[in-house]
Amino acid sequence: MNRKYELVYVISPDVSDDQVTELHTQIDAIVQRMGGQIEKTDNWGRRKLAYEIGRHKEGTYVLEVINGSGDLMKEIDRRLKVIDTVIRHLVVRVDEEQGVVERTRSKRTETSRRRRVARGLPPDRQPGEGQRGEPDEDRDERFDMGGEELR
Amino acid sequence: MNGGGRKGGGGGRGRNQQAQGKDAGQRRPMFRRRKVCKFCADKIDDINYKDTKLLMPFVPERAKILPRRISGTCAMHQRKLRTAIMRARQLALIPYTAE
Numbered sequence: 105m106n107r108k109y110e111l112v113y114v115i116s117p118d119v120s121d122d123q124v125t126e127l128h129t130q131i132d133a134i135v136q137r138m139g140g141q142i143e144k145t146d147n148w149g150r151r152k153l154a155y156e157i158g159r160h161k162e163g164t165y166v167l168e169v170i171n172g173s174g175d176l177m178k179e180i181d182r183r184l185k186v187i188d189t190v191i192r193h194l195v196v197r198v199d200e201e202q203g204v205v206e207r208t209r210s211k212r213t214e215t216s217r218r219r220r221v222a223r224g225l226p227p228d229r230q231p232g233e234g235q236r237g238e239p240d241e242d243r244d245e246r247f248d249m250g251g252e253e254l255r
Numbered sequence: 011m012n013g014g015g016r017k018g019g020g021g022g023r024g025r026n027q028q029a030q031g032k033d034a035g036q037r038r039p040m041f042r043r044r045k046v047c048k049f050c051a052d053k054i055d056d057i058n059y060k061d062t063k064l065l066m067p068f069v070p071e072r073a074k075i076l077p078r079r080i081s082g083t084c085a086m087h088q089r090k091l092r093t094a095i096m097r098a099r100q101l102a103l104i105p106y107t108a109e
């Protein structure tokens with residue numbers, strides 16, 4: 105069962121960059137071993153924490169998008185709990201949510217296109233169209249919100 | 011012609027209402043702007059816990075979640091907002107309390 109997860113972990117600020125990359129390779133090793141893969145890694149760098157955790161006021165945030173099974177994430181979760189340079193971590197499953205978001209988005213563009221055609225307009229928004237000064241996104245369907253329930 | 015007159019009358023009434031609100035107390039509710047769910051209006055489908063810029067307006071000074079009756083957020087989006095805020099709090103992106 106392949107699922108998509110997001111893992112964010114906060115590393116204590118007095119850890120060197122080498123150790124951060126080492127931690128990443130450690131996680132990568134677990135992922136490889138359990139038959140998953142890392143889709144994306146994003147280091148947000150050092151950020152101020154919203155509240156103190158222990159004695160820390162800052163932390164290095166790293167985001168990993170991982171494809172894999174639930175057991176894999178369980179293992180990573182367990183390992184991260186043990187490592188004390190990691191002061192916080194969070195695992196979230198994202199595949200279902202992303203699917204829903206994509207579906208609503210495509211549904212919306214589709215209805216907006218249909219309505220525009222029904223109104224005798226070209227299906228896509230033309231540049232410079234719309235109410236004064238509004239950014240040129242697909243924002244002109246604000247009044248269609250009620251219609252979505254009716255269908 | 012007629013329409014213009016009506017419009018003018020409406021404006022006058024509005025002004026009266028405001029004046030009443032000031033001196034006569036709570037006889038009539040003052041005019042309030044109709045609240046619209048921000049996420050519906052701006053078509054933000056994905057309320058993400060990583061997007062602190064989006065979440066911060068919903069956790070004012072005391073860092074409590076802004077209730078729906080004040081922000082006007084619709085039920086579905088308030089629910090999603092809540093999970094996003096709770097996740098962001100866990101990662102210390104958003105405070106639990108203001109010190």
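Top line first, the protein sequences correspond to chains A and B. Anchor point for the first sequence: position 99 equals 203 in this note's numbering, and the numbering is continuous, going up by one each time. Anchor point for the second sequence: position 80 equals 90 in this note's numbering, and the numbering is continuous, going up by one each time. Using N, Cα and C, we set each Cβ at its ideal position, and we do this for glycine too. For clarity, every value in this text was computed on a predicted model and none was experimentally measured.
Next on the checklist: Check this for me: beta carbons of Asp61/B and Thr208/A, under 8 Å apart or not?
Outcome noted: no
Give me the DSSP bridge partner(s) of Tyr165/A.
Val114/A and Gly149/A
- Message: Could you pull the DSSP bridge partners for Gly172/A from this structure?
- Response: Arg107/A
* Cβ of Met177/A within 8 Å of Cβ of Tyr109/A? -> yes
Residue of Val190/A, Leu225/A, Ser216/A and Thr145/A minimising C-alpha distance to Asp118/A: Val190/A
For a contact defined as C-beta to C-beta under 9 Å, what are the partners of Leu65/B on chain A?
Within chain A, no residue comes near Leu65/B; the closest Cβ sits about 11 Å away, beyond 9 Å.
ask   = Taking the alpha helix (DSSP H) that Ile80/B falls in, what are its first and last residues?
value = Arg78 to Ser81
query: Given a limit of 8 Å on CB to CB distance, which residues of the region 160–171 of chain A reach chain B?
result: Gly163, Tyr165 and Leu167
| request: Using a threshold of 8 Å, state whether the C-beta atoms of Arg150/A and Thr164/A are closer than that. | output: yes
Discussion item. Alpha carbons only, please: which of Thr83/B, Arg89/B and Ile104/B is nearest the one belonging to Asp52/B?
Written reply: Thr83/B
- [ ] Please determine if the region 99–107 of chain B and the region 152–168 of chain A are in contact, where contact requires at least 3 C-beta pairs separated by less than 8 Å.
- [x] yes
query: Below 8 Å between beta carbons: does that hold for Ile134/A and Glu179/A?
result: yes
Next item on the list: Count the other C-beta atoms from every protein chain shown that fall within 10 angstroms of the C-beta of Ala94/B, then say buried if there are 16 or more, exposed otherwise.
Entry: buried
Backbone secondary structure at Phe154/A - three-state DSSP = Per the sequence presented here, residue 154/A reads as Ala, with Phe not at that position. Strand.
Chain B residues whose Cβ lies nearer than 8 Å to that of Arg212/A: Lys53
**Report entry** Bridge-paired residues (DSSP) for Arg257/A
**Finding:** This structure cannot settle anything about residue 257/A, because the visible part of chain A is limited to 105 through 255.
Can you find the residues in the same chain that come closer than 8 Å, C-beta to C-beta, to Arg79/B, ignoring five residues on each side of it along the sequence? none
Q | Reduced DSSP category for Arg43/B - H, G, I as helix; E, B as strand; rest coil | A | coil
- Item | Closer than 8 Å to chain B by CB, Leu111/A | no
Please name the residue, chosen from Val205/A, Leu194/A and Ile115/A, that lies closest to Arg161/A on a Cα-to-Cα basis. First, the residue type needs correcting, since residue 161/A is Lys and not Arg in the sequence shown. Residue Ile115/A is the option with its Cα nearest to Lys161/A.
Check the Cβ-Cβ distances between Ala102/B and every residue of chain A, and say whether any is below 8 Å.
yes
For this session: Return the first residue and the last residue of the alpha helix (DSSP H) that Asp56/B is part of.
Result: Looking at the DSSP string, Asp56/B is not in any alpha helix (DSSP H), and its letter there is neither H nor E.
Rounding to the nearest angstrom, what Cα-Cα distance links Lys90/B and Asn106/A in this structure? 24 Å
Open item on the list: Against chain B, with Cβ distances strictly below 8 Å, would Thr208/A count as a contact?
Closed with: yes
Q: Tell whether a beta-carbon distance below 8 Å holds between Gly140/A and Ile170/A.
A: yes
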